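Enquirer: Residue numbering for the sequence shown follows the working numbering, starting at 602 and increasing by one per position.
First the structure, then my questions, so here it is.
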Amino acid sequence: MKVAIVGAGIVGVATAHALLDDGHEVLIIDKEEPAFGPSRGNAGWVAHTDILPIASPKNLRQVPKFLTDPLGPLSIRPAYLPRLLPWLGRFLLAARPAAYERSIQGLAALQQRALPAWLKLAETTGLTAHLHRKGGLYVFTDKAAFDEAGHIAKRQAEFGIKVEMIGPHELRQLERALKSGFVGAAFHPGAAHISDPLELTLALFEAALARGATYEKAEVTNLSMAERPALIGPDGWQRVVDRAVIATGAWSKPLAAALGNPVPLDTERGYNVSFPGVTGLTSRPIGFEGHGFVVTPLDSGLRIGGAVEFGGLDAPPNHARTRALYDKASRFVDGLPAFDSGRLWMGFRPSLPDSLPVIGKAARNPSVVLAFGHGHYGMTQSAATGGLVADLIAGREPPIDLGYFSPSRF
Ligand SMILES: Cc1cc2nc3c(=O)[nH]c(=O)nc-3n(C[C@H](O)[C@H](O)[C@H](O)COP(=O)(O)OP(=O)(O)OC[C@H]3O[C@@H](n4cnc5c(N)ncnc54)[C@H](O)[C@@H]3O)c2cc1C
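Shown next, in the form of structure tokens:
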């Protein structure tokens, strides 16, 4: 079958390989160059050991505290608030205990597939050197939060996820660049990170072309509802295919709505600063719990970033936020390069209120599969998502319950 994938981010290119594995003729379409969106500059964690959705009773309690700091881990641009209300309403619903539990089940089911799917994809494409398996650390300065993490570790163990709670001394043995002041850390030995998000996304894109996929730069503004859907763009541009996949990340809302799925997709804008060539400061990714930033030792250099800002897709970045993240990091990590030597970036996490992506057939055209909304975990879940999309297109029974990710669950 001829299958078009709209979106050449990490979800689109990983899906291309899953479809090529099934022998399909694959056309990748993007309105920009490949890896234009957050797949270009994210933190590079394969964070499949995280199973807690953001909409939780606990996080709800913390929201007011976070919002009082305009450059803190969470902010809402006031002008954007009215447009965010539908998302916020759903977020509140998703934080109710029963909904929260359901999201954990869905998230864990997808996360459990994430690393095996990545290993298979890396093997198929000869890109195993891009995956580093040195674990991940979540470090704590607050004793109560550290104790709480101990309880979460028990929850993670139910899903077969290994977490070792370690003390400050052991932490310093693992990461010498960390200053003092930590009460302990949760070490996830199974977590992984990648060489560099841009490098890996482009390498997978090139590998897909080498396997016979084709690429066209075009904007898709609508799709026809025919069994063989037509992808429609400006100035009479049109391509008719057998199946289509919408993997357009944070930009997916209008296409999904046109296909009968008005999903409450929004974007959590994230920021970072990268120091090309700076390697060896830390051995593995480190998340600073309660401080809203992470540090990743990418092959291309050190990256420091995080934060969640609600402000939509059009507002310019506010790099005072990036500076604030860096300043915090320099309180906790020795030997950081000067801020001014770094490269600044802002990206759009495609986020749904329940922290689960949309993976499923479109309501108005079952020949079109929607695959977007991976939020904080798109890099992590891309290969697993690709496999599930290929199952849907082949008519195979998916290995996990796709009800959690249904486009019509809202
Ligand atoms: C600061 C930050 C840190 C992050 N860290 C991590 C991490 O450590 N681990 C992790 O797993 N995830 C992380 N993420 C999340 C991750 O980056 C995203 O979930 C992921 O990149 C989304 O990939 P995607 O392919 O769905 O979308 P995108 O990368 O946004 O790709 C979508 C593509 O679709 C194209 N497109 C859009 N609309 C159209 C249209 N109408 N027609 C044609 N083309 C179109 C765009 O040009 C774009 O290239 C982070 C995100 C941010 C912002």
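Yeah, the Cβ is synthetic: ideal placement off N, Cα and C, and Gly gets one too.
Predicted model, so just to flag it, every value in this text is computed and none were measured.
For residue 810 and residue 983, what's the separation of their Cα atoms in angstroms?
Expert: On the sequence shown, residue 810 is found 209 positions in, with the first residue counted as 1. On the sequence shown, residue 983 is found 382 positions in, with the first residue counted as 1. Straight-line Cα distance between these residues: approximately 18 Å.
Enquirer: Over what stretch of residues does the beta strand (DSSP E) that includes residue 840 continue unbroken?
Expert: Position 239 of the sequence shown, counted from the first residue, corresponds to residue 840. Note, residue 840: beta strand (DSSP E), 839-841.
Enquirer: CB residue 780 to CB residue 885, shorter than 9 Å?
Expert: Locating residue 780 in the sequence shown gives position 179, counting from the first residue. Locating residue 885 in the sequence shown gives position 284, counting from the first residue. Not closer than 9 Å, so no.
Enquirer: Give every residue of the same chain whose Cβ lies closer than 8 Å to the Cβ of residue 1007, excluding the five residues on either side of it in the sequence, and list them in chain order.
Expert: The count along the sequence shown starts at 1 and reaches residue 1007 at position 406. 959 and 961, listed in sequence order.
Enquirer: When the distance is taken between beta carbons, is residue 605 closer than 9 Å to residue 840?
Expert: Numbered from its first residue, the sequence shown carries residue 840 at position 239. Numbered from its first residue, the sequence shown carries residue 605 at position 4. Yes, the Cβ-Cβ distance between residue 840 and residue 605 is below 9 Å.
Enquirer: Buried or exposed, going by whether 16 or more other CB atoms sit within 10 Å of the CB of residue 776?
Expert: The residue given as residue 776 occupies position 175 in the sequence shown. With 16 or more Cβ atoms within 10 Å of its Cβ, residue 776 is classed as buried.
Enquirer: Measure the Cβ-Cβ separation of residue 847 and residue 964 and say whether it is below 9 Å.
Expert: The residue you call residue 847 lines up with position 246 of the sequence shown. The residue you call residue 964 lines up with position 363 of the sequence shown. The answer is no: Cβ separation not under 9 Å.
Enquirer: Pick helix, strand or coil for residue 753, following the three-state DSSP scheme.
Expert: In the sequence shown, the residue the question calls residue 753 occupies position 152. Looking at residue 753 - three-state DSSP - the assignment turns out to be helix.
Enquirer: Please state if the CB of residue 760 and the CB of residue 652 are separated by a distance shorter than 9 Å.
Expert: On the sequence shown, residue 652 is found 51 positions in, with the first residue counted as 1. On the sequence shown, residue 760 is found 159 positions in, with the first residue counted as 1. Cβ distance < 9 Å, so residue 652 and residue 760 count as in contact.
Enquirer: Can you tell me which of the three DSSP states residue 683 falls into?
Expert: The residue you call residue 683 lines up with position 82 of the sequence shown. Helix, per DSSP.
Enquirer: Whole angstroms is fine: what's the gap from residue 721's alpha carbon to residue 666's?
Expert: Mapped onto the sequence shown, residue 721 falls at position 120. Mapped onto the sequence shown, residue 666 falls at position 65. Rounded to the nearest angstrom, the two C-alpha atoms are 42 Å apart.
Enquirer: Tell me the residue span of the beta strand (DSSP E) that contains residue 767.
Expert: As a first step, residue 767 is located in the sequence shown; it is residue number 166 there, counting from the start. Taken as a continuous stretch (DSSP letters only), the beta strand (DSSP E) holding residue 767 covers 765-767.
Enquirer: Leaving out five residues before and five after residue 704 in sequence, what residues of the same chain have Cβ atoms less than 8 Å from its Cβ?
Expert: Translated into positions along the sequence shown, residue 704 becomes position 103. Result list for residue 704: 654, 656, 695, 955, 956, 957 and 1005, in chain order.
Enquirer: When every heavy atom of ligand 1 is checked, does at least one fall within less than 8 Å of the C-beta of residue 839?
Expert: Taking the sequence shown and counting its residues from 1, the one referred to as residue 839 is at position 238. Because no heavy atom of ligand 1 lies under 8 Å away, the Cβ of residue 839 does not count as near it: no.
Enquirer: Which word fits residue 1012, buried or exposed, when buried means at least 16 other C-beta atoms lie within 10 angstroms of its C-beta?
Expert: A query on residue 1012 cannot be resolved here, the shown segment of the chain reaching from 602 to 1011 and no further.
Enquirer: Distance, Cα to Cα, residue 801 vs residue 924?
Expert: Counting from one through the sequence shown, the residue named residue 801 turns up at place 200. Counting from one through the sequence shown, the residue named residue 924 turns up at place 323. Answer to the nearest angstrom: the Cα atoms are 27 Å apart.
Enquirer: Measuring alpha carbon to alpha carbon, tell me which of 937, 635 and 642 ends up nearest residue 820.
Expert: One-based indexing of the sequence shown puts residue 820 at position 219. Minimum Cα distance to residue 820 is reached at 635.
Enquirer: DSSP three-state call for residue 879: helix, strand or coil?
Expert: For the purposes of this step, residue 879 is identified with residue 278 of the sequence shown, where counting begins at 1. Residue state, collapsed to three classes: coil.
Enquirer: Give the straight-line distance between the Cα atoms of residue 876 and residue 687, rounded to the nearest whole angstrom.
Expert: The residue you call residue 876 lines up with position 275 of the sequence shown. The residue you call residue 687 lines up with position 86 of the sequence shown. If I take the Cα positions, the gap works out to 38 Å.
Enquirer: I want to see whether chain B comes within less than 9 Å of residue 751, judged by CB atoms only; does it?
Expert: Protein chain content of the structure displayed is limited to a single chain, and chain B is not contained in it.
Enquirer: Considering Cα atoms alone, identify which of 717, 808, 774 and 770 is closest to residue 727.
Expert: On the sequence shown, position 126 is the one that residue 727 refers to. Taking only the C-alpha atoms, the option nearest residue 727 is 808.
Enquirer: Starting from the Cα of residue 865, find the closest Cα among 1011, 856 and 999 and give me that residue.
Expert: One-based indexing of the sequence shown puts residue 865 at position 264. Of 1011, 856 and 999, the residue nearest in Cα terms is 1011.
Enquirer: Rounded to whole angstroms, how far is the Cβ of residue 1009 from the Cβ of residue 862, which I believe are closer than 8 Å?
Expert: Start at 1 with the first residue of the sequence shown, and residue 1009 comes out as number 408. Start at 1 with the first residue of the sequence shown, and residue 862 comes out as number 261. Yes, residue 1009 and residue 862 are in contact; Cβ-Cβ is about 6 Å, under 8 Å.
Enquirer: Give the straight-line distance between the Cα atoms of residue 698 and residue 713, rounded to the nearest whole angstrom.
Expert: The sequence position of residue 698 within the sequence shown is 97, counting from 1. The sequence position of residue 713 within the sequence shown is 112, counting from 1. Taking the straight line joining both Cα atoms gives about 22 Å.
Enquirer: Three or more beta-carbon pairs under 8 Å between the stretch 939-949 and the stretch 627-634, yes or no?
Expert: Counting Cβ pairs under 8 Å, fewer than three are found: no touch.
Enquirer: With 16 as the cutoff for other CB atoms within 10 Å, does residue 975 come out buried or exposed?
Expert: Looking up residue 975 in the sequence shown gives position 374. Answer is buried; the Cβ neighbour count reaches 16.
Enquirer: Per DSSP, what kind of secondary structure is residue 952 in: helix, strand or coil?
Expert: What you label residue 952 is simply residue 351 of the sequence shown in a count that begins at 1. Three-state result, residue 952: strand.
Enquirer: Give the straight-line distance between the Cα atoms of residue 701 and residue 756, rounded to the nearest whole angstrom.
Expert: In the sequence shown, the residue the question calls residue 701 occupies position 100. In the sequence shown, the residue the question calls residue 756 occupies position 155. Looking at the two C-alpha atoms, the distance is approximately 13 Å.
Enquirer: Can you tell me whether residue 1025 sits near ligand 1, meaning its C-beta is under 8 Å from at least one heavy atom of the ligand?
Expert: Any answer about residue 1025 is impossible in this case: the structure gives the chain only from 602 up to 1011.
Enquirer: Check whether the stretch 997-1004 and the stretch 881-899 touch, using three or more Cβ-Cβ pairs below 8 Å as the test.
Expert: The stretch 997-1004, when compared against the stretch 881-899, does not touch it at the 8 Å Cβ threshold.
Enquirer: Give every residue of the same chain whose Cβ lies closer than 6 Å to the Cβ of residue 768, excluding the five residues on either side of it in the sequence, and list them in chain order.
Expert: Here residue 768 corresponds to residue number 167 of the sequence shown, with the count starting at 1. These residues qualify, in order along the chain: 785.
Enquirer: List the residues that DSSP assigns as beta-bridge partners of residue 929.
Expert: The residue given as residue 929 occupies position 328 in the sequence shown. The partner list for residue 929 (beta bridge, DSSP) is empty, contrary to what the question assumes.
Enquirer: Out of 985, 903 and 849, which one is the CA nearest neighbour of residue 648?
Expert: Position 47 of the sequence shown holds residue 648. Minimum Cα distance to residue 648 is reached at 985.
Enquirer: Which residues bound the beta strand (DSSP E) around residue 816?
Expert: Residue numbering aside, residue 816 sits at position 215 when the sequence shown is read from its first letter. Counting along the chain, the beta strand (DSSP E) containing residue 816 begins and ends at 815-818.
Enquirer: What is the C-beta distance between residue 617 and residue 629, in whole angstroms, given that I count them as a contact (C-beta under 8 Å)?
Expert: For the purposes of this step, residue 617 is identified with residue 16 of the sequence shown, where counting begins at 1. For the purposes of this step, residue 629 is identified with residue 28 of the sequence shown, where counting begins at 1. Residue 617 to residue 629, Cβ: 6 Å. Contact.
Enquirer: Considering residue 780, what are the terminal residues of the alpha helix (DSSP H) in which it resides?
Expert: For the purposes of this step, residue 780 is taken as the residue at position 179 of the sequence shown. Here residue 780 belongs to no alpha helix (DSSP H), and DSSP marks it neither H nor E.
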